[in-house]
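Colleague: FYI, the numbering for the sequence shown is 18 to 283, going by the numbering used here.
Ideal Cβ placement from N, Cα and C applies to all residues, glycine included.
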Amino acid sequence: MNAKVIVVTSGKGGVGKTTTTANIGAALAKLGEKVAVIDVDVGLRNLDVVMGLESRVVFDLIDVLEGKCRLPQALIRDKRVENLYLLPASQTRDKEALDPEVFKDVVRQLLEEERFDRVLIDSPAGIESGFKTAAAPAQGALVVVNPEVSSVRDADRIIGLLEAQQVGEIRLIINRLRPKMVASGNMLSEGDILEILGVKPIGIIPEDDGILVSTNVGEPAVLGKTKAGQAFLDTARRLRGEDVPYPKLEEDRGFWAIWRRLFGGA
C-alpha cells in the first residue's frame, strides 16, 4: 500500500480491529518506519490498554482538537519500539466532540510537521459519526473481518462506504481463521471471503491464544513469538511492498456451497 494514512475499520465490533491497529503499527515501527497510531473510539479508549500505555496518558485526541494542548504533548512514545507513538482517545467525551475537518488537520500535522511515515487510525465500530471522522483523512483502509457471516456482511457495507468516500486503497485482513474448522466445513475459508467481498487481502491471521495473553499484558504480539504475531509482521511487510507468501490453509469445500448455505438459494 502506498497510503500513508490508513484507517483500520470493520463495521462490526469485536473482530480484533484495535488489536490489529496495535500490532500493525508496532510491526511497521519494528521494520523501520516512524508510526503514529490514533485511537478515535472516543468514550471507550482501548488502544492505550492493548499497547500497555494507559498509565502514561496525560492529554488525548480531544484535547488536541480543542486546542487545550499541542500535538507533541499528547503523543506517547512507546519505549519498547523505536519510532512508535500513540495519540489516545478521550474516555470522558463522546464522538460528537470529533470535528472531521480539524481531525484532518491533525493528521496533516503528523505527516508534514512531525515527519511520520505512516498514520494508522483505529476507527470505532459502526457507521456513524465516529467512523466518518476516522475515515475522513484516510488514503487507504484495512478492513478487519472474521470468518463468519455477520462480520462479512458488515465488512461489505463498510467497503461500500469507504469507496463512496473515495478511499483509494482498500485491503482485507482476515482475523481469527481456524484451519481445522475451515477443513471440516464449519467456517468460511479465506477464498470464500474474498469471493464474497471482492477485495484484495493483505493479511490472514490465525486464531491464537497468544493474542489474549498479549492484550492482557499490554504488549503487541509482534514483539513476542506467536503465530498471530508472525502473521501480523508478515502483513506489515506486505503493506510495505514486500513479496511475502500467504500461509497455505487446507480447505475442502466450494464457495457456492457456502453461499447457498449462508444466504439461501438453490
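Check whether the Cβ atoms of residue 58 and residue 106 lie closer than 7 Å to each other.
Modeller: Yes, Cβ-Cβ distance for residue 58 and residue 106 is below 7 Å.
Colleague: For residue 239, collect the residues of the same chain with a Cβ closer than 7 Å to its Cβ; drop the 5 residues on either side in sequence, then sort them by chain order.
Modeller: Only 40, 43, 44, 47, 246, 249 and 250 meet the Cβ criterion.
Colleague: Residue 218 and residue 189: beta carbons closer than 7 Å?
Modeller: Against a cut-off of 7 Å, the Cβ pair of residue 189 and residue 218 comes out as a contact.
Colleague: Three-state secondary structure (DSSP) at residue 224?
Modeller: Here residue 224 sits in coil by DSSP.
Colleague: How about residue 182 and residue 158: are their beta carbons less than 7 Å apart?
Modeller: Not closer than 7 Å, so no.
Colleague: From what residue to what residue does the alpha helix (DSSP H) around residue 213 run?
Modeller: It spans 207 to 214 - the alpha helix (DSSP H) in which residue 213 sits, taken as one unbroken run.
Colleague: List in chain order: all unbroken alpha helix (DSSP H) runs of 4+ residues lying wholly within the region 53 to 136.
Modeller: Counting whole runs of 4 or more residues, the region 53 to 136 contains the alpha helix (DSSP H) stretches 64 to 67, 78 to 82, 88 to 91 and 117 to 129.
Colleague: Taking buried to mean at least 16 other C-beta atoms within 10 Å of its own C-beta, is residue 231 buried or exposed?
Modeller: Buried, by the Cβ-count rule.
Colleague: If you draw a straight line from the C-alpha of residue 197 to the C-alpha of residue 184, how long is it?
Modeller: Near 35 Å, if we compare the C-alpha coordinates of residue 184 and residue 197.
Colleague: Can you tell me whether residue 188 is helix, strand or coil according to DSSP?
Modeller: The answer is strand: DSSP assigns residue 188 an E or B state.
Colleague: With H, G and I counted as helix, E and B as strand and the rest as coil, what does DSSP make of residue 49?
Modeller: DSSP places residue 49 in coil when its eight states are reduced to three.
Colleague: For residue 62, count neighbouring C-beta atoms within 10 Å of its own C-beta (all shown protein chains included) and say buried if the count is 16 or more, exposed if not.
Modeller: Buried: at least 16 other Cβ atoms inside 10 Å.
Colleague: Would a C-beta distance cut-off of 7 Å place residue 214 and residue 171 closer than the cut-off?
Modeller: No, Cβ-Cβ distance for residue 214 and residue 171 is not below 7 Å.
Colleague: If we ignore side chains and look at the alpha-carbon of each, how far apart do residue 94 and residue 100 end up?
Modeller: Each residue's Cα considered, the two are about 7 Å apart.
Colleague: Could you give the C-beta distance for residue 64 and residue 77, rounded to a whole number, given that I count them as a contact under 8 Å?
Modeller: Residue 64 to residue 77, Cβ: 11 Å. No contact.
Colleague: Sorted by chain position, which residues of the same chain lie with C-beta nearer than 6 Å to residue 254's C-beta, five sequence neighbours on each side aside?
Modeller: Counting only Cβ-Cβ distances below 6 Å, and skipping sequence neighbours, we find 261.
Colleague: Suppose the cutoff is 7 Å on Cβ atoms and the five residues either side in sequence are ignored; what does the same chain contact list for residue 117 look like?
Modeller: Cβ within range, chain order: 149, 150 and 153.
Colleague: List the residues that DSSP assigns as beta-bridge partners of residue 139.
Modeller: 25 and 56.
Colleague: Kindly identify the DSSP beta-bridge partner or partners of residue 194.
Modeller: In the DSSP output, where bridge partners are listed per residue, residue 194 has 223.
Colleague: DSSP state of residue 230, grouped into three classes?
Modeller: In this structure, residue 230 counts as helix in the three-state DSSP scheme.
Colleague: In three-state DSSP terms, what is residue 152?
Modeller: Correct three-state label for residue 152: helix.
Colleague: Looking at the secondary structure, which residues open and close the beta strand (DSSP E) in which residue 157 lies?
Modeller: Where residue 157 is concerned, the enclosing beta strand (DSSP E) stretches over 157 to 162.
Colleague: Tell me, please, which residues DSSP counts as bridged to residue 218.
Modeller: Bridge partners of residue 218: 189.
Colleague: Rounding to the nearest angstrom, what Cα-Cα distance links residue 147 and residue 51 in this structure?
Modeller: Going from the Cα of residue 147 to the Cα of residue 51 covers about 25 Å.
Colleague: For the alpha helix (DSSP H) that contains residue 180, what are its first and last residues?
Modeller: It spans 166 to 181 - the alpha helix (DSSP H) in which residue 180 sits, taken as one unbroken run.
Colleague: For residue 35 and residue 139, which I take to be in contact (beta-carbon distance under 8 Å), what is that distance rounded to the nearest angstrom?
Modeller: Sure, about 6 Å apart at Cβ, within 8 Å.
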